[in-house]
Amino acid sequence: SHLGFLAGQIGRLITISTTPVIAGDSFEMDAVGALRLSPLRRGLAIDSTVDIFTFFVPHRHVYGEQWIKFMKDGVNATPLPTVNTTGYIDHAAFLGTINPDTNKIPKHLFQGYLNIYNNYFKAPWMPYRTEANPNELNQDDARYGFRCCHLKNIWTAPLPPETELSRQMTTSTTSIDIMGLQAAYANLHTDQERDYFMQRYHDVISSFGGKTSYDADNRPLLV
6 SHLGFLAGQI
16 GRLITISTTP
26 VIAGDSFEMD
36 AVGALRLSPL
46 RRGLAIDSTV
56 DIFTFFVPHR
66 HVYGEQWIKF
76 MKDGVNATPL
86 PTVNTTGYID
96 HAAFLGTINP
106 DTNKIPKHLF
116 QGYLNIYNNY
126 FKAPWMPYRT
136 EANPNELNQD
146 DARYGFRCCH
156 LKNIWTAPLP
166 PETELSRQMT
176 TSTTSIDIMG
186 LQAAYANLHT
196 DQERDYFMQR
206 YHDVISSFGG
216 KTSYDADNRP
226 LLV
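All residue numbers for the sequence shown refer to our numbering, where the first residue is 6 and numbers rise by one.
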């Protein structure tokens, strides 16, 4: 067991802790936490919600062939690569670790975070985050994690920014083409569904009733 003390910002993705596991391991999680908000300038209009998730990220998704070679070489293996951080002690806090004196941390901590964010917490039309090292991040991202999209609800499901706000319709001076209107509406709805839920391989396969392994596209497994 262990304790974790974090300082975050509302709307960001931060790592509470990471637990290394090997084949055949099993464990039960029992977490108890206390969350406190800093003094607010104004009262909250809606309740503040904290979502906690558990992900499994295999090392082979992060290191690829390097991990396979590492396992085959055994005690003679070359150490796995690291990533560079800045000289500030809190500039790796969003990964659930403390920045060491060497300013280097294991690659799986950072790349695993990127994989989780890109697959679960960014809008589909946003570009993937592909930074190679944490020292490439701005100060807030390095301390508190990336800004993320909230789970879908009535308040957090806006249209993509490039959605058309108007569309041409065939009309006359005395009538409107109802069938054309319905067709345009259905087309718009389909476009929106595709833009939001058909960007990733497993989403496309799921739309046809199929299932894909998380290994098919190196996707972190939501436990």
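The C-beta atom is built at its ideal place from N, Cα and C for all residues, glycine as well.
Predicted model, so just to flag it, every value in this text is computed and none were measured.
Of the residues the options, the one placed nearest residue i, counting alpha carbons only
i, options, result
"F126", "L8, G16 and H7", "G16"
"P44", "D222, Q14 and H7", "Q14"
"I27", "K74, L85, F61 and P132", "F61"
"A39", "G69, N81, E33 and F10", "F10"
"A128", "T195, Y68, V80 and F151", "F151"
"G69", "N192, M131 and H113", "H113"
"R205", "P132, S6 and Y118", "P132"
"T143", "Q116, W130 and D95", "The identity of residue 143 in the sequence shown is Asn, whereas the question assumes Thr. Looking at the Cα atoms, D95 is the closest of the given residues."
"Y93", "D220, P84, D56 and D145", "D145"
"G117", "I183, S31, T23 and D78", "T23"
"D196", "W130, P25, N124 and F115", "W130"
"D35", "S6, L49 and I51", "S6"
"L85", "T217, Q71 and G79", "Q71"
"D56", "I21, D30, F213 and G48", "I21"
"N108", "A191, A221, S218 and E141", "E141"
"V37", "L8, R46 and I51", "L8"
"H64", "F213, E33, F115 and L49", "F115"
Sequence-distant residues of its chain with Cβ nearer than 7 Å to residue i (five each side left out)
i, result
"V228", "T59, F60 and F61"
"I19", "L11, G13, F99, Y149 and G150"
"Y122", "L18, R134, F151 and C153"
Cβ separation of residue i and residue j, assumed to be a contact under 8 Å, to the nearest whole Å
i, j, result
"A98", "R41", "Not really, about 17 Å apart at Cβ, beyond 8 Å."
8 Å CB neighbourhood of residue i in its chain, flanking five on each side removed
i, result
"N120", "V62, H66, V67, N223, R224 and P225"
"I110", "T87, V88, T90, A97, L100, T102, N104 and P139"
"M76", "A82"
"S53", "I15 and L42"
"N124", "R205, R224 and P225"
Any non-hydrogen atom of the ligand COA within 6 Å of residue i CB
i, result
"L119", "As far as ligands go, the structure on display features none, and thus does not contain the ligand COA."
Cβ shell of residue i (< 6 Å), same chain only, five flanking positions each side left out
i, result
"T217", "H207 and I210"
"D78", "none"
With contact counted as at least three CB pairs below 8 Å, one residue from each stretch, are the region 185-195 and the region 102-110 in contact?
Segments in contact, no.
Using 8 Å as the cut-off, can you tell me whether the region 129-139 makes contact with the region 81-89, which would need three or more C-beta pairs spanning the two stretches below that distance?
The region 129-139 is in contact with the region 81-89.
Ignoring anything shorter than 4 residues, give me the alpha helix (DSSP H) runs that lie fully in the region 66-154, in order along the chain.
Counting only runs of 4 or more, we get 70-78, 112-125 and 144-149.
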